[in-house]
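Peer 1: In the UniProt record's numbering, the protein residues as written are 1 to 241. Ideal Cβ positions, reconstructed from N, Cα and C, are used throughout, including at glycine. Dropping a structure here in structure tokens format, bear with me for questions.
Okay, here's the thing in structure tokens:
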């Protein structure tokens, strides 16, 4: 999980509503496996870290079953519930990848973000002790520190949020987020190592907890993306040298 600004762009609805019928259908097809990983103090170990939708649904089913065995132990029950809530969040972030493809794609390579023929300087993750950005496979696994993992994602231009229009922008958003942000959704084939909450955004200082950070260029990016039809998906390929 990465930056947690208020009013997340992706609604978290869990699996109870009709809007999650497809995921709920997968849940019904899953054979629940007996837990073999220990339950840590912060909650049960989540085994579907790479997270295809089917894997996340299977893991959620397992946690639901195991949670029921701890109904009289409130601490353990709450730990399992946190794991279930985490999986609900990751599932909700998948979004509707059935949207029509946009005519342009994006590429992020650790140094620039390119949209069609336009590009902007961009980084992801926290800089190391020397101030450099590390895009190694090992670093990509580190939640809250590493860059967005390599893989294929998508964004919907209709989900762009103009933060500068909010009355508390200067005190709450200008530094960590910049003027705009948009949710980045992973495709099922992308291994995120249990991480989520990725955005493209700006800010005053280069670096993020896993988002793609455009710093002062985010408003120019937002203007460029506004020319793409709404309710389409713009494919974003993340690949590092």
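Of the choices 120, 212, 145, whose alpha-carbon is the least far from that of residue 129?
Peer 2: Position 129 of the chain shown, counted from the start, is the residue given in the question as residue 129. Selected option, being the one with the closest Cα: 145.
Peer 1: Nearest to residue 117 by CA position, among 163, 107, 97, 125, is which residue?
Peer 2: Position 117 of the chain shown, counted from the first residue, corresponds to residue 117. Looking at the Cα atoms, 107 is the closest of the given residues.
Peer 1: In terms of residue numbering, what span does the alpha helix (DSSP H) encompassing residue 225 cover?
Peer 2: As a working mapping, residue 225 is identified with position 225 in the chain shown. Residue 225 -> alpha helix (DSSP H) spans 218 to 225.
Peer 1: Can you tell me which of the three DSSP states residue 230 falls into?
Peer 2: Here the question's residue 230 lines up with position 230 in the chain shown. Looking at residue 230 - three-state DSSP - the assignment turns out to be coil, as it is neither helix nor strand.
Peer 1: Is there contact here, the region 229 to 236 with the region 148 to 167, by at least three beta-carbon pairs under 8 Å?
Peer 2: Short answer: they touch.
Peer 1: Go ahead and label residue 230 buried or exposed: buried means 16 or more other beta carbons lie within 10 angstroms of its beta carbon, across all protein chains shown.
Peer 2: For this step, residue 230 is matched to residue 230 along the chain shown. Flag for residue 230 reads exposed.
Peer 1: Tell me whether the region 183 to 194 and the region 214 to 221 touch, counting them as touching only if at least three CB pairs, one residue from each stretch, are closer than 8 Å.
Peer 2: No, the region 183 to 194 is not in contact with the region 214 to 221.
Peer 1: What is the rounded straight-line gap between the Cα of residue 139 and the Cα of residue 61?
Peer 2: Locating residue 139 in the chain shown gives position 139, counting from the first residue. Locating residue 61 in the chain shown gives position 61, counting from the first residue. Near 30 Å, if we compare the C-alpha coordinates of residue 61 and residue 139.
Peer 1: Cβ of residue 165 within 8 Å of Cβ of residue 148?
Peer 2: One-based indexing of the chain shown puts residue 165 at position 165. One-based indexing of the chain shown puts residue 148 at position 148. Not closer than 8 Å, so no.
Peer 1: Check residue 153 in the structure and name its three-state DSSP category.
Peer 2: The count along the chain shown starts at 1 and reaches residue 153 at position 153. Strand, per DSSP.
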